[in-house]
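Novice: For the numbering used here, count along the sequence shown from 1 and bump the result up by 532. Backbone N, C-alpha and C fix where the C-beta goes; we use that ideal spot for every residue, glycine too.
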Amino acid sequence: MGLVTSTELFRRAQEGGYAIGAFNVNNMEIIQGIVDAAKEEKSGLILQVSAGARKYANSIYLRKLVEAAIEDSDLDIVLHLDHGENLEIVKQCIDDGFTSVMIDASHYPFEENVRITKEVVDYAHARGVVVEAELGKLAGVEDAVSVAKEDATYTDPDEAVEFVKRTGIDSLAVAIGTSHGAYKFKGEPKLDFERLEKIGKLIPNTPLVLHGASTVLPEFVELCNKYGGDIPGAQGVPEEMLRRAAQMNVAKINIDTDLRLAMTAAIRQFMVENPSEFDPRKYLGPARAAIKGMVQHKIRNVLGSSGSNL
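1) Between the alpha carbons of HIS743 and LEU774, how many angstroms are there, rounded?
2) Are the CB atoms of VAL610 and LEU594 within a distance shorter than 8 Å?
3) Give the DSSP bridge partners of GLN509, in chain order.
4) Helix, strand or coil, according to DSSP, for ASN786 in the structure here?
5) Starting from LEU734, trace the alpha helix (DSSP H) in both directions and tell me its first and last residue.
6) Counting along the chain, where does the beta strand (DSSP E) carrying MET634 start and finish?
7) In terms of alpha-carbon separation, which member of ILE552, ALA585 and TYR655 lies closest to GLN779?
8) Measuring straight from C-alpha to C-alpha, what distance separates THR710 and LYS669?
9) GLY825: beta carbon under 7 Å from a heavy atom of the ligand ZN?
10) Taking 8 Å as the threshold, find out whether the segment 810-820 comes into contact with the segment 754-763 through three or more Cβ pairs.
11) Straight-line CA distance for GLY836 to ARG543?
12) Answer with buried or exposed for ASP606, where buried requires no fewer than 16 other C-beta atoms within 10 angstroms of its C-beta.
13) List the DSSP bridge partners of ALA665.
14) For THR710, which three-state DSSP category applies?
15) Using the Cα positions of LYS830 and ILE799, report the straight-line distance between them to the nearest angstrom.
16) If you measure between the beta carbons of SER575 and SER840, is that distance less than 8 Å?
17) By how many angstroms is the C-alpha of ALA658 removed from the C-alpha of MET803?
18) Among the candidates LEU793, THR796 and VAL653, whose CA atom is the shortest distance from the CA of SER703?
19) From GLN767 to PRO750, what distance separates their C-alpha atoms?
20) Below 8 Å between beta carbons: does that hold for GLU771 and VAL706?
21) With H, G and I counted as helix, E and B as strand and the rest as coil, what does DSSP make of GLU674?
22) When you compare only the Cα positions, how much space is there between VAL679 and GLU561?
Structural data, given as structure tokens:
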């Protein structure tokens, strides 16, 4: 077992009608909680690093923590760059040992997105690394990614065909109504499954990716607010929608906000209930356990990937 690309994981996911969870990581406790859950569920796993995580923890530190997790768990793990801004960042992460990278040039016009993405694909493929790219724009804010709702655009199915053909990417992130952050919908949640189905039929051999796909679990929102938080009205993607997407050529579902909420809720609760404690291990332990339980739930009941690492 070791660091692997997502190629085989995605192939099995598409054949099996499930998705692999791609979880954003920032420190040791988050990695441990995610990996312990995947180990118990025997699930394939993608750990991904954003611009904010690289700034906070340094990608080298995170890679070493992931290597430790592999040794401890005996799992195959994909180490993925999330929302790479340019070729320079991609090169750095590939040199640091990442096995998968995302180039996000979706904010550029179509031709420029194609040009930049193809440049990244040529560099990465020559070094055995797989590439994810994005077509369309998701609304919301996550680390360095910020798109206003009025600037969001859905993925055009016909453009997706041309984009995949001209760039040679290994997977495509599509925009069908999800968004980054904890406030994904005002009113009734809705995803464009008709669009997703059409894209899947036009490029059946290209695994699709959903960004901004946390469910913003109500129990963690309520716990945060109960113990001093202020995040009223947070709403994510209903779990049944994500399960449906996983059966429609979506092989990778990104999860970040739910990790943050689980960790923060557990820490807030501990701090309020134990005001005299100041040992970080005392509150980071419950936070790690909350992440593990949440990730197990996702793997088993939402992603459907339990047993995929056999």
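Specialist: Reading from the atomic positions:
1) On the sequence shown, position 211 is the one that residue 743 refers to. On the sequence shown, position 242 is the one that residue 774 refers to. Whole-angstrom Cα-Cα distance: 11 Å.
2) For the purposes of this step, residue 594 is taken as residue 62 along the sequence shown, with counting starting at 1. For the purposes of this step, residue 610 is taken as residue 78 along the sequence shown, with counting starting at 1. Taking 8 Å as the cut-off, the Cβ atoms of LEU594 and VAL610 do not count as close.
3) No information on residue 509 is available, as it lies outside the stretch 533 to 842 that the chain covers here.
4) The residue labelled residue 786 in the question sits at position 254 within the sequence shown. Note: ASN786 maps to strand in three-state DSSP.
5) Residue numbering aside, residue 734 sits at position 202 when the sequence shown is read from its first letter. Per DSSP, LEU734 belongs to the alpha helix (DSSP H) from 725-734.
6) Numbered from 1 along the sequence shown, position 102 holds the residue referred to as residue 634. Segment 632-635, the beta strand (DSSP E) holding MET634.
7) Position 247 of the sequence shown holds residue 779. The option with the nearest alpha carbon to GLN779 is ILE552.
8) Within the sequence shown, residue 710 is the residue found at index 178, counting from 1. Within the sequence shown, residue 669 is the residue found at index 137, counting from 1. Taking the straight line joining both Cα atoms gives about 10 Å.
9) Looking for the ligand ZN in the displayed structure turns up nothing, as the structure carries no ligands at all.
10) no
11) Taking the first residue of the sequence shown as position 1, residue 836 is located at position 304. Taking the first residue of the sequence shown as position 1, residue 543 is located at position 11. So the two alpha carbons sit approximately 15 Å from each other.
12) Counting from 1 along the sequence shown, the entry for residue 606 is found at position 74. So ASP606 ends up on the exposed side.
13) On the sequence shown, residue 665 is found 133 positions in, with the first residue counted as 1. According to DSSP, ALA665 bridges with ILE635 and LEU704.
14) Taking the sequence shown and counting its residues from 1, one reaches residue 710 at position 178. DSSP places THR710 in coil when its eight states are reduced to three.
15) Along the sequence shown, one-based indexing puts residue 830 at 298. Along the sequence shown, one-based indexing puts residue 799 at 267. C-alpha separation (whole angstroms): 21 Å.
16) By 1-based counting over the sequence shown, the position of residue 575 is 43. By 1-based counting over the sequence shown, the position of residue 840 is 308. Yes, Cβ-Cβ distance for SER575 and SER840 is below 8 Å.
17) Along the sequence shown, read from residue 1 onward, the residue named residue 803 stands at position 271. Along the sequence shown, read from residue 1 onward, the residue named residue 658 stands at position 126. Each residue's alpha carbon lies about 49 Å from the other.
18) Against the sequence shown, residue 703 aligns to sequence position 171. Per the Cα distances, VAL653.
19) Against the sequence shown, residue 767 aligns to sequence position 235. Against the sequence shown, residue 750 aligns to sequence position 218. As the crow flies, the alpha-carbon of GLN767 is around 8 Å from that of PRO750.
20) For the purposes of this step, residue 771 is taken as residue 239 along the sequence shown, with counting starting at 1. For the purposes of this step, residue 706 is taken as residue 174 along the sequence shown, with counting starting at 1. No, they are not a contact pair.
21) As a position in the sequence shown, residue 674 is number 142, starting the count at 1. Interpretation of GLU674 is limited by its pLDDT of 49, a score under 50 that renders its predicted location unreliable; the figure taken from the coordinates is listed afterwards. Correct three-state label for GLU674: strand.
22) For the purposes of this step, residue 679 is taken as residue 147 along the sequence shown, with counting starting at 1. For the purposes of this step, residue 561 is taken as residue 29 along the sequence shown, with counting starting at 1. Residue confidence for VAL679 is low, a pLDDT of 45 falling below 50, so the modelled location carries little weight and cannot support an answer.
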